[in-house]
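Q: Residue 1 is where the sequence shown starts when you use UniProt numbering, and the numbers rise one by one after that.
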Amino acid sequence: MTDGYLRRTAITRPILTDEQQDLLDTTINEWKTACNISSRIGWEHGETRKTYLQDLAYDTVLEEIRLGSQHAILATHQAAAALDGVEAIEDLDEHYKTSRPEFTSNTVKYDTRTMTLFDDGSVSLSTAEGRIRCDLNLPDEEDGYQHEYLTDDEWEVTESTLSKRDGEYYLHLGFRKDKPGKQVERQDDDEDRTVLGVDLGIVNIATTSTAYFASGRELRHQHRELERIRGNLQQTGTQSAHRTIQQMSGRESRYLRDKLHQVANQILEEARTHDCEYIAFENLKHIRERAPPVKEFHQWAHRQLVDLVEYKAEAHGISVEFVSPKNTSRRCPECGHTSEGNRVRQAEFECESCDVTQNADYVGAKNVGWRYVRRGLQSSRRTGDSQLALKSGTVTPNRGFVPSD
Numbered sequence: 001m002t003d004g005y006l007r008r009t010a011i012t013r014p015i016l017t018d019e020q021q022d023l024l025d026t027t028i029n030e031w032k033t034a035c036n037i038s039s040r041i042g043w044e045h046g047e048t049r050k051t052y053l054q055d056l057a058y059d060t061v062l063e064e065i066r067l068g069s070q071h072a073i074l075a076t077h078q079a080a081a082a083l084d085g086v087e088a089i090e091d092l093d094e095h096y097k098t099s100r101p102e103f104t105s106n107t108v109k110y111d112t113r114t115m116t117l118f119d120d121g122s123v124s125l126s127t128a129e130g131r132i133r134c135d136l137n138l139p140d141e142e143d144g145y146q147h148e149y150l151t152d153d154e155w156e157v158t159e160s161t162l163s164k165r166d167g168e169y170y171l172h173l174g175f176r177k178d179k180p181g182k183q184v185e186r187q188d189d190d191e192d193r194t195v196l197g198v199d200l201g202i203v204n205i206a207t208t209s210t211a212y213f214a215s216g217r218e219l220r221h222q223h224r225e226l227e228r229i230r231g232n233l234q235q236t237g238t239q240s241a242h243r244t245i246q247q248m249s250g251r252e253s254r255y256l257r258d259k260l261h262q263v264a265n266q267i268l269e270e271a272r273t274h275d276c277e278y279i280a281f282e283n284l285k286h287i288r289e290r291a292p293p294v295k296e297f298h299q300w301a302h303r304q305l306v307d308l309v310e311y312k313a314e315a316h317g318i319s320v321e322f323v324s325p326k327n328t329s330r331r332c333p334e335c336g337h338t339s340e341g342n343r344v345r346q347a348e349f350e351c352e353s354c355d356v357t358q359n360a361d362y363v364g365a366k367n368v369g370w371r372y373v374r375r376g377l378q379s380s381r382r383t384g385d386s387q388l389a390l391k392s393g394t395v396t397p398n399r400g401f402v403p404s405d
């Protein structure tokens, strides 16, 4: 996220009586029902915005579930987030069907209105039948990282998740605090800064200005095949088919998460190898506005990837920034000539003015990074120099290309 906060998750286990376990099981089932109701309503209305879906689904959710009003709101927001990634306005390809999100995982969301942490190491949770209070199974202070967040007043509780897996209950506690001052100090106006540009695409899910290409071919093929199988199973409608869909969804989520983590790690490695203080992406809002429905899986993957990069970059003191993608695929990074005719094919860029020929995604990555470099030049307060990281060196507005040592 880019909201000025550091975010962390602490995982612990609640110590529950049999009666409390039964209440949480009921709560989890009611939560899934609430999310699926909201998902259905959002799908039918083509609505993915949280507040708008809340207005559409809130009353229906409250009528059909046994959870309180705040959990009903959280469920509509959860459904909106899922729909935002897979919404399909129309089928552009009969072999490519994006299914309505179905909530089957044994989880339930909590926030500060539905969960309270106490100084004695206990927690109060809203359920389908009022609140329960139980102790948390915490390790000794010297051994448990959880105490860093539970005892430090700088960390505040945010949205958390209760999950049940293999008969055991886990509480994933979300915390946040203001980003440390060193983040500001690192951006002093008289410092040089090196920028890594990243282009997000379809053929290549990510390309950097240092010429790292993360192919999206395998992700695209895997998702398309699973969606085809999932669609066939949904038409079958049997209990066995439903269980198979659940198993497939879990495998796909783990596979995608692993692949996106690998790409995020490589982007961070590129930034560290080339001593970059900044990683620049194109604004995801603009990606969503210009992408057709068939590309919505990639929109979701791009958002997940950017979130992962942001999270990992914080640990290395690297800032993630966003720029407008306007003309990043049409502008020549060598001479500046901008024209639709420069993009001769999806994967190929050839400048009409200077005849330079390059991979189109690589051109996009350089232009994204270059746009953030120029943004710094437009600030009257900056006295430091800015440069774009390339594979074999850097390029600056004042000194031009500087090869690596």
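Virtual Cβ for every residue (Gly too), placed ideally from N, Cα, C.
Could you tell me the alpha carbon to alpha carbon distance between Glu321 and Val263, rounded to whole angstroms?
A: By one-based count along the sequence shown, residue 321 stands at place 321. By one-based count along the sequence shown, residue 263 stands at place 263. Their Cα atoms are separated by approximately 18 Å.
Q: Measuring straight from C-alpha to C-alpha, what distance separates Val373 and Asp178?
A: Stepping through the sequence shown from its first residue, residue 373 is reached at position 373. Stepping through the sequence shown from its first residue, residue 178 is reached at position 178. Rounded to the nearest angstrom, the two C-alpha atoms are 26 Å apart.
Q: Compare the Cα-Cα distances from Gln304 to each of Asn367, Thr238, Leu200 and report the closest residue.
A: Numbered from 1 along the sequence shown, position 304 holds the residue referred to as residue 304. The option with the nearest alpha carbon to Gln304 is Leu200.
Q: Have a look at Thr151 and Leu16 and give me their C-alpha separation to the nearest angstrom.
A: Locating residue 151 in the sequence shown gives position 151, where the first residue counts as 1. Locating residue 16 in the sequence shown gives position 16, where the first residue counts as 1. In a straight line, the C-alpha of Thr151 is about 23 Å away from that of Leu16.
Q: Can you say whether Asp18 is buried or exposed, counting buried as having 16 or more other CB atoms within 10 angstroms of its CB?
A: Counting from 1 along the sequence shown, the entry for residue 18 is found at position 18. With fewer than 16 other Cβ atoms within 10 Å, it is exposed.
Q: Below 6 Å, is the gap between the Cβ of Arg217 and the nearest heavy atom of the ligand ADP?
A: Among the ligands in the structure shown, none appear at all, so the ligand ADP cannot be discussed.
Q: With respect to the alpha helix (DSSP H) encompassing His147, which residues constitute its N-terminal and C-terminal limits?
A: Along the sequence shown, one-based indexing puts residue 147 at 147. Start and end: 146-151.
Q: DSSP has Ser160 in a bridge; who is on the other side?
A: Counting from one through the sequence shown, the residue named residue 160 turns up at place 160. Bridge partners of Ser160: Tyr110.
Q: Report back the beta-carbon spacing between Arg13 and Tyr169 to the nearest angstrom; my notes put them in contact at under 8 Å.
A: Position 13 of the sequence shown, counted from the start, is the residue given in the question as residue 13. Position 169 of the sequence shown, counted from the start, is the residue given in the question as residue 169. That pair is a contact at about 6 Å.
Q: Can you check whether the CB of Gln78 is closer than 7 Å to the CB of Thr114?
A: Within the sequence shown, the letter at position 114 stands for residue 114. Within the sequence shown, the letter at position 78 stands for residue 78. Contact: no.
Q: My guess is that Val368 and Val306 are in contact by the Cβ rule of under 8 Å, so how many angstroms apart are they, rounded?
A: Looking up residue 368 in the sequence shown gives position 368. Looking up residue 306 in the sequence shown gives position 306. That belief does not hold up - the Cβ atoms of Val368 and Val306 are roughly 12 Å apart, past 8 Å.
Q: Please report the distance separating the alpha-carbon of Glu44 from that of Leu83.
A: For the purposes of this step, residue 44 is taken as the residue at position 44 of the sequence shown. For the purposes of this step, residue 83 is taken as the residue at position 83 of the sequence shown. Going by the C-alpha atoms only, they are around 11 Å apart.
Q: Following the continuous beta strand (DSSP E) through Tyr278, name the residue where it begins and the one where it ends.
A: On the sequence shown, residue 278 is found 278 positions in, with the first residue counted as 1. 278-282 is the span of the beta strand (DSSP E), which, as asked, contains Tyr278.
Q: Could you name each continuous beta strand (DSSP E) segment of 3 residues or more that falls completely within the region 5-49, going from the start of the chain to the end?
A: As far as the region 5-49 is concerned, its whole beta strand (DSSP E) runs of at least 3 residues are 5-15.
Q: Can you check DSSP and say which residues form a bridge with Cys134?
A: Position 134 of the sequence shown, counted from the start, is the residue given in the question as residue 134. Per DSSP, Val123.
Q: Can you tell me the Cα-Cα spacing of Gly341 and Glu350, whole angstroms?
A: Counted from its first residue, the sequence shown places residue 341 at position 341. Counted from its first residue, the sequence shown places residue 350 at position 350. Gly341 and Glu350: Cα-Cα distance of roughly 8 Å.
Q: Let's test the definition: count the other Cβ atoms within 10 Å of the Cβ of Cys335 and tell me whether it reaches 16, buried, or not, exposed.
A: In the sequence shown, counting from the first residue as 1, residue 335 sits at position 335. It is exposed - the Cβ of Cys335 has fewer than 16 other Cβ atoms within 10 Å.
Q: Quick one, which of Lys366, Val108, Cys354, Asp25 has its alpha-carbon nearest Gly167's?
A: The residue given as residue 167 occupies position 167 in the sequence shown. Selected option, being the one with the closest Cα: Asp25.
Q: Could you please give the first and the last residue of the uninterrupted beta strand (DSSP E) stretch that includes Thr207?
A: Position 207 of the sequence shown, counted from the start, is the residue given in the question as residue 207. Per DSSP, Thr207 belongs to the beta strand (DSSP E) from 204-208.
Q: Taking the straight line between their C-alpha atoms, what separation do you get for Asp59 and Val157?
A: Within the sequence shown, the letter at position 59 stands for residue 59. Within the sequence shown, the letter at position 157 stands for residue 157. Each residue's alpha carbon lies about 28 Å from the other.
Q: Would you kindly work out how many angstroms separate the C-alpha atoms of Pro292 and Ser39, rounded to a whole number?
A: Within the sequence shown, the letter at position 292 stands for residue 292. Within the sequence shown, the letter at position 39 stands for residue 39. Here the model assigns Pro292 a pLDDT of 47, short of 50, so the residue's position is not dependable and the matter cannot be decided.
Q: Under the three-state reduction of DSSP, which class applies to Ser178: helix, strand or coil?
A: The residue given as residue 178 occupies position 178 in the sequence shown. As written in the sequence, residue 178 is Asp, which differs from the Ser given in the question. It is a strand residue.
Q: For Val323, write down the residues that DSSP places opposite it in a beta bridge.
A: The count along the sequence shown starts at 1 and reaches residue 323 at position 323. According to DSSP, Val323 bridges with Glu282.
Q: For a quick check, are the C-beta atoms of Trp31 and Val123 less than 7 Å apart?
A: Residue numbering aside, residue 31 sits at position 31 when the sequence shown is read from its first letter. Residue numbering aside, residue 123 sits at position 123 when the sequence shown is read from its first letter. Contact: no.
Q: Among His316, Thr210, Glu348, Cys134, which residue has its Cα nearest to the Cα of Gln20?
A: The residue given as residue 20 occupies position 20 in the sequence shown. With distances taken between Cα atoms, Gln20 lies closest to Cys134.
Q: Please confirm whether Ala75 and Leu62 have their CB atoms less than 7 Å apart.
A: Along the sequence shown, one-based indexing puts residue 75 at 75. Along the sequence shown, one-based indexing puts residue 62 at 62. No, Cβ-Cβ distance for Ala75 and Leu62 is not below 7 Å.
Q: Could you tell me which of Asn327, Ser329, Ala280, Arg228 sits nearest to Ser99, measuring between CA atoms?
A: For the purposes of this step, residue 99 is taken as residue 99 along the sequence shown, with counting starting at 1. Measuring from the Cα of Ser99, the nearest candidate turns out to be Arg228.
Q: Within this structure, are the beta carbons of Ala214 and Asn204 separated by less than 7 Å?
A: The count along the sequence shown starts at 1 and reaches residue 214 at position 214. The count along the sequence shown starts at 1 and reaches residue 204 at position 204. It is a contact, given that the beta carbons lie within the stated cut-off.
Q: When you compare only the Cα positions, how much space is there between Arg265 and His302?
A: Numbered from its first residue, the sequence shown carries residue 265 at position 265. Numbered from its first residue, the sequence shown carries residue 302 at position 302. Here residue 265 is Asn; the residue named in the question, Arg, does not match the sequence. Between Asn265 and His302, the C-alpha separation is close to 14 Å.
Q: Would you please state the rounded distance, in angstroms, between the beta carbons of Arg176 and Leu6? I believe it to be under 8 Å.
A: The sequence position of residue 176 within the sequence shown is 176, counting from 1. The sequence position of residue 6 within the sequence shown is 6, counting from 1. The pair is a contact, with the Cβ atoms about 7 Å apart (cut-off 8 Å).
Q: Tell me the DSSP secondary structure of Tyr212 in three-state form.
A: Looking up residue 212 in the sequence shown gives position 212. Looking at Tyr212 - three-state DSSP - the assignment turns out to be coil, as it is neither helix nor strand.
Q: So, for Leu127: in the same chain, excluding its five sequence neighbours on each side, which residues have a beta-carbon less than 6 Å away from its beta-carbon?
A: Residue mapping note: residue 127 aligns to position 127 of the sequence shown, counting from 1. In the sequence as presented, Leu is not what sits at residue 127; that position holds Thr. For Thr127, where only same-chain residues beyond five positions count, the Cβ hits under 6 Å are Leu23, Thr27.
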